[in-house]
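Here is the structure we will look at.
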Amino acid sequence: MKERGFACASVTRKAENSVKSGHPWVYNTEITGVEGNCENGDLVDVRSPQGKYLGTGFFNERSKIRIRIISTNSNDRFDAAFYERRLRYAWEYRKTVMRPEDLACCRLIFGEADHFPGLTVDRFGDILVTQTLSLGIERIKHMLFPLLYKILTEDGQVIRGIYERNDVGIRELEGMEQNKGFFPLDGIETPQSTATEIVENGIRYGVDFENGQKTGFFLDQKYNRQAVAKISRGKRVLDCFTHTGSFALNAAAGGAEHVRAVDISEPAVDLARENAERNGLADRMSFQAANVFDLLPAISRAEGFDFIILDPPAFTKSRQTVENAIRGYKEINLRAMKLLPRGGYLATCSCSHFMTEKLFQDMLRSAAFDAGVSLRQIEARQQAPDHPILWNVPETNYLKFYTFQIV
1 MKERGFACAS VTRKAENSVK SGHPWVYNTE ITGVEGNCEN GDLVDVRSPQ GKYLGTGFFN
61 ERSKIRIRII STNSNDRFDA AFYERRLRYA WEYRKTVMRP EDLACCRLIF GEADHFPGLT
121 VDRFGDILVT QTLSLGIERI KHMLFPLLYK ILTEDGQVIR GIYERNDVGI RELEGMEQNK
181 GFFPLDGIET PQSTATEIVE NGIRYGVDFE NGQKTGFFLD QKYNRQAVAK ISRGKRVLDC
241 FTHTGSFALN AAAGGAEHVR AVDISEPAVD LARENAERNG LADRMSFQAA NVFDLLPAIS
301 RAEGFDFIIL DPPAFTKSRQ TVENAIRGYK EINLRAMKLL PRGGYLATCS CSHFMTEKLF
361 QDMLRSAAFD AGVSLRQIEA RQQAPDHPIL WNVPETNYLK FYTFQIV
């Protein structure tokens, strides 16, 4: 049986229950049969073992995620009007949950959480930076991107270009090539530079959206950086894994006595230093290229740090490596807890959804026990609301952020 001309994929009871609960992924092992012809990237209707309609999604036989559901409404028609409504909904959501001054520097589309599977769109001032990780979205981006440009500009937003950051290996698993470059917009002259400047929490940053990590800048810690700034006044701060210096700069702007920013990457440290100079904060900051795992044991309490920030990269990107990740997280947190005096402060986080909140909390308890300290929790936070969490899609819930006093 076929619906609206689409091929139909029958799925297992397990997949049926997952889709009914709101999860948008159907895995290759959950497909029991496909009726009709479909190419990779096409839309297919998904049916239960009894033949009941469950939803419609993008099909790709090259991916373990065989179908990515985009709608469970059998009356939807997947034309330009449908996608424009989705895009407008995402923009209106950001206008509601973000401060007006943050709309020029935020995530506009967060993949499955905005019902655009595999699509990320970040806004850096007048530049949109996209990353497309699903073949279905790749095939309709020529429609989506001009629509998004239209929605923003009609709302008075100034956008001078859309840049694609598709230089990630996961695209090859979907049968797509890696690439990057400006997306052509009719009537819009292609920008000549791939560098821009943004303002977040009143702090200016240079962003290299062609070569920077991910899309060029990590936007998800926006409000967590403000939490760090509130604690930092009068403190001597050590910011580990500083990347472009965002936590360090917020600490300095918050009135820290001194901030040392550390990252293993020399180019990252150079950019952090440039950002400090850009904001007139360099006189209260120092910068060091070092491996944090080597540095923390070598630092003496006599150096007087009373606030340590740990913002490491994801130590695990799969369930198979979680145990190794736990050991890595525990080592740096244990070292930081031992280094801090009683009454000192710790900000610590994990950006891997495989490192669940419970695992992260258990690790922190174990580290505190081994360090012989107690933790007085100040705040528990997550990603900023422009990275919305769908409770029925645990993959969207990835960032854990805690601030503590050591007592």
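Numbering (the working numbering), first residue to last: 1 to 407.
The C-beta atom is built at its ideal place from N, Cα and C for all residues, glycine as well.
Quiz item: Taking the Cβ atom as the reference point for each residue, do V427 and F287 lie within a distance shorter than 7 Å?
Solution: Nothing can be reported for residue 427: it is not among the residues displayed for the chain, which extend from 1 to 407.
Self-check item: Residues that DSSP places opposite G422 in a beta bridge
Solution: Within the shown structure, residues of the chain are numbered from 1 to 407, placing residue 422 beyond reach of any answer.
Quiz item: With a Cβ-Cβ cutoff of 7 Å, do F241 and P312 count as a contact?
Solution: yes
Quiz item: What do you get for W91, buried or exposed, if any count of 16 or more other CB atoms within 10 angstroms of its CB means buried?
Solution: buried
Quiz item: When the Cβ atoms of the segment 252-264 are set against those of the segment 138-154, are three or more pairs found closer than 8 Å?
Solution: no
Exercise. Please classify P100: is it buried, with 16 or more other beta-carbons within 10 angstroms of its beta-carbon, or exposed?
Key: exposed
Quiz item: Looking only at its own chain, which residues have a Cβ that is under 7 Å from the Cβ of Y149, when we skip the five neighbours before and after it?
Solution: I159, I162 and L185
Quiz prompt | Span of the alpha helix (DSSP H), counted from its first residue to its last, around Y91 | solution = Residue 91 is actually Trp in this sequence, not Tyr. That run of the alpha helix (DSSP H) goes A80 to V97.
Exercise. Grab me the residues of L103's own chain with a C-beta within less than 7 Å of its C-beta, minus the 5 sequence neighbours each way, in chain order.
Key: R94 and K95
Quiz prompt | Identity of the residue in V269, T196, L271 and I389 nearest E210 by Cα | solution = T196
Self-check item: For S134 and E189, believed in contact at Cβ under 8 Å, the rounded distance
Solution: Wrong, their Cβ atoms sit about 30 Å apart, outside the cutoff.
Self-check item: 8 Å Cβ shell around N37 - same chain, five flanking residues per side excluded
Solution: A7
Quiz item: To which residues of the same chain is F59 closer than 6 Å at the C-beta, ignoring the five residues directly before and after it?
Solution: C38, D42, V44 and I67
Quiz item: Is G344 helix, strand or coil when you go by DSSP?
Solution: coil
Self-check item: Identity of the residue in N28, L128, A227 and M98 nearest A380 by Cα
Solution: A227
Quiz prompt | Spatially closest choice to G187 from D167, P146, R204 and M176, by CA coordinates | solution = P146
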